[in-house]
Structures are given as structure tokens and as C-alpha cells.
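Take a look at the structure below.
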Amino acid sequence: MPQSEQASLDIWEKARQELEEEERERGIRVQDGQILDLAKVRQINKKTFEFSDRKVTRFFYVTDEATYIIPKTLHKKLVKIATEVGKVKVKISVEGEGRKRSYDALPLVSGGHGAGEPNYN
373 MPQSEQASLD IWEKARQELE EEERERGIRV QDGQILDLAK VRQINKKTFE FSDRKVTRFF
433 YVTDEATYII PKTLHKKLVK IATEVGKVKV KISVEGEGRK RSYDALPLVS GGHGAGEPNY
493 N
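Residue numbering for the sequence shown follows the working numbering, beginning at 373 and increasing consecutively.
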């Protein structure tokens, strides 16, 4: 591997470690299968981390129990759910690793479907 390519990889690894340290200090990263109650979110903070060639935006959802770290793609989906369905509980799904990680959110709506069961209508 050329020295310049290795130096670039070292920079990325250092930046990733710094981002993870900052996240650990500020909150809990959302996990696959986690239930998040949007009604309990009392504050949303936004922080953008800048690297040499890209930016990473994270949202910090503050509740009385904890602070959750939400990636920008998931934040957009949660805002859409809160707007269309209301501030309900959502089940988070996480697939993949690293930069190929993807997030989805499924609203858990009660009312004729059983408590906590998804409403597919």
C-alpha cells in the first residue's frame, strides 16, 4: 500500500475514533430493535463533525432517561413520522456496518391493532 494511501487511512481512523469518543461522552447510539418514545423527547440538539472531505451530522435526542445519538438519515424519518402520525413510540431497525449502515423507523400505533403492534394501514 502506498504511503499516502496509508496516511489517508490513518487520518480516517483517527477521525472515526474522535467521533466515537465524542458520541460516547454525549449519549447512547441507537441500537437495532430499540423502542424510542418520541413523546418523551424534550430537546433535540444538532452537531456537525467536519473531516477533510466530508461532514457527518448527528442529532442528540434528549429525554429524562438518556440522550440518544440519531444519524441525520434516521432523524429525517423520525420527523416525518412525528408530523404524519404524531409523537408515538417507534421501533428502530439498523442494518449493515460502518458507512454502509442504514436505519429505519416503524411507528408503533395502538388503537384497534393491539398495544404496541404496528399499524400497517
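Glycine included, C-beta positions come from ideal geometry on N, C-alpha and C. Owing to the predicted nature of the structure, the values given are computational and were not obtained by experimental measurement.
Considering only residues of the same chain and omitting the five flanking positions on each side of residue i, which have a CB-CB separation below 6 Å?
i, result
"Thr420", "Lys427 and Thr429"
"Lys412", "Thr435"
"Lys444", "Thr429"
Please return the same chain residues whose Cβ sits closer than 7 Å to the Cβ of residue i, not counting the five positions on each side in sequence.
i, result
"Glu422", "none"
Which partner residues does residue i have in the DSSP bridge list?
i, result
"Phe423", "According to DSSP, which records beta bridges pairwise, Phe423 is partnered with nothing at all."
Output the distance between the C-alpha atoms of residue i and residue j, rounded to the nearest integer angstrom.
i, j, result
"Ile464", "Ile383", "31 Å"
"Leu450", "Val466", "14 Å"
"Ala387", "Gln406", "27 Å"
"Thr455", "Leu480", "14 Å"
"Ser424", "Glu390", "14 Å"
So, residue i versus residue j, is the Cβ gap smaller than 7 Å?
i, j, result
"Gly434", "Gln403", "Residue identity check: residue 434 is Val in the sequence provided, not Gly. No, the pair does not count as a contact, with Cβ atoms beyond the cut-off."
"Ile453", "Ala438", "no"
"Phe432", "His447", "no"
"Leu408", "Val462", "yes"
Could you check if residue i belongs to the surroundings of the ligand FMN, using beta carbon to heavy atom distance under 6 Å?
i, result
"Ile383", "The ligand FMN is not part of this structure, which contains no ligands at all."
What do you get for residue i, buried or exposed, if any count of 16 or more other CB atoms within 10 angstroms of its CB means buried?
i, result
"Pro490", "Note that Pro490 has pLDDT 49, beneath the 50 cutoff, so the model's placement of it is unreliable and the number below is only indicative. It counts as exposed."
"Gly458", "exposed"
"Gly470", "exposed"
"Gly468", "exposed"
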